[in-house]
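Taking it in order: structure first as structure tokens, then the write-up.
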Amino acid sequence: YDRGPKFEQYRQLESLKDYLLVAQKRMHAELYARQASSSWLLTEFKQPDQEIILESVGWRIRLAELYAKVSLAESEEST
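Per the working numbering, the very first residue in the sequence shown carries number 6; after that it's consecutive.
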């Protein structure tokens, strides 16, 4: 749903520049960034040391930091 109908609606908002999806059960994030041509560029993050940058708001964080207080051990075994 977050990649389909909801994102289709969000894309209509000109003010939306970045759309970040963060997985709950595994270390994984997807960043959709609006390009000058109004197309969207997808960047996937799977490695703990990868840095996510949301240029529109001047925010950056390593993927590992997003999951710092999350226990993924059980979830990873079930995937």
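Ideal Cβ placement from N, Cα and C applies to all residues, glycine included.
Keep in mind that this is a model prediction, so the values were computed, not measured.
Reference residue i, options the options, closest by Cα
{"i": "LEU77", "options": "ARG16, PHE12, ASP23, ARG31", "result": "ARG31"}
{"i": "GLN52", "options": "GLN40, VAL62, SER20, LEU71", "result": "LEU71"}
{"i": "LYS74", "options": "THR48, ASP23, GLN29", "result": "GLN29"}
Residue burial classification, residue i (beta-carbon count within 10 angstroms, cutoff 16)
{"i": "TRP15", "result": "Here the sequence assigns Tyr to residue 15, which means Trp is not the residue at that position. With fewer than 16 Cβ atoms within 10 Å of its Cβ, TYR15 is classed as exposed."}
Cutoff 8 Å; reference residue i; Cβ partners in own chain excluding five residues on either side
{"i": "LEU21", "result": "TYR15, ARG39"}
{"i": "ASP54", "result": "ARG67, LEU68, ALA69"}
Alpha carbon of residue i to alpha carbon of residue j, nearest angstrom
{"i": "GLU60", "j": "PHE50", "result": "16 Å"}
{"i": "ALA69", "j": "THR48", "result": "16 Å"}
{"i": "LYS11", "j": "TYR37", "result": "13 Å"}
{"i": "SER43", "j": "TYR24", "result": "13 Å"}
Residues near residue i in its chain [Cβ-Cβ closer than 7 Å; skip 5 each side]
{"i": "VAL27", "result": "ALA34, LEU71"}
Own chain residues within Cβ distance below 6 Å of residue i, not counting five before or after
{"i": "LEU46", "result": "ALA38, GLN40"}
Original post:
Which ranges does the beta strand (DSSP E) cover as unbroken runs of at least 3 residues, wholly within the stretch 28-81, from first to last along the chain?
Top reply: 34-39, 45-50, 56-59, 64-67, all fully within the stretch 28-81.
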